[in-house]
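Take 92 as the starting number for the sequence shown in the working numbering and just add one per residue.
Read the structure below first, then the notes.
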Amino acid sequence: MHIWHQAVTLEEVKPVVEVAMLHHLGIELVAMGDDWLKGRMPVDERTRQPAGLLHGGATCVLGESLASIASALCVDLNTHGVVGTEISASHIRSAKEGWVYGTCRPFHLGRRNHVWDVRVTDGEETLISAIRMTAAILAY
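Below you can see the structure in the form of structure tokens.
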């Protein structure tokens with residue numbers, strides 16, 4: 092099922108992550124389909140906690156960023172804006188190095204809010220975190 096407001100390619104969406112926190116953390120968009128968006132984030136000095144493990148807050152940034160971008164792709168940005176209103180994360184495992192990958196899929200797409208499930212895995216597809224993010228859809 093195609094959920095995006097208009098046809099868009101991954102190459103057209105990629106520049107969104109070249110600013111602010113997403114750029115600083117090294118977050119990249121790597122794939123998208125008709126109803127999902129996938130990104131990745133390095134596990135390095137920018138995203139590790141002092142104990143050397145992936146920081147849960149960085150994992151939440153990856154999840155919220157993917158969900159926010161996906162919500163923005165679902166609305167007409169000439170008439171509506173998107174803001175995150177709630178996020179919950181269950182950190183199942185951690186990582187020490189390499190990349191973590193987040194795949195974002197819709198749980199609910201309403202007129203006033205979107206709810207997204209983001210599954211964060213390591214390079215071996217082992218579950219790292221399960222994230223749910225809610226975005227409010229605001230009319231201008």
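Using N, Cα and C, we set each Cβ at its ideal position, and we do this for glycine too.
Is the CB-CB distance between residue i and residue j below 8 Å?
i           : j           : result
residue 150 : residue 225 : no
residue 184 : residue 138 : no
residue 162 : residue 173 : yes
Taking DSSP as the reference, what is the three-state secondary structure of residue i?
i           : result
residue 129 : strand
residue 222 : strand
residue 228 : strand
residue 92  : coil
residue 114 : helix
Under 8 Å Cβ to Cβ from residue i, same chain only, skipping five residues before and after it: list those, please.
i           : result
residue 189 : 133, 134, 213, 214
For residue i, which option in the options has the closest C-alpha, if you only look at C-alpha atoms?
i           : options            : result
residue 231 : 162, 122, 167, 117 : 167
residue 140 : 205, 196, 221, 187 : 187
residue 119 : 127, 125, 105      : 105
Grab me the residues of residue i's own chain with a C-beta within less than 7 Å of its C-beta, minus the 5 sequence neighbours each way, in chain order.
i           : result
residue 199 : 205, 206
residue 208 : 196, 198, 223
residue 152 : 112, 116
Kindly identify the DSSP beta-bridge partner or partners of residue i.
i           : result
residue 145 : 139
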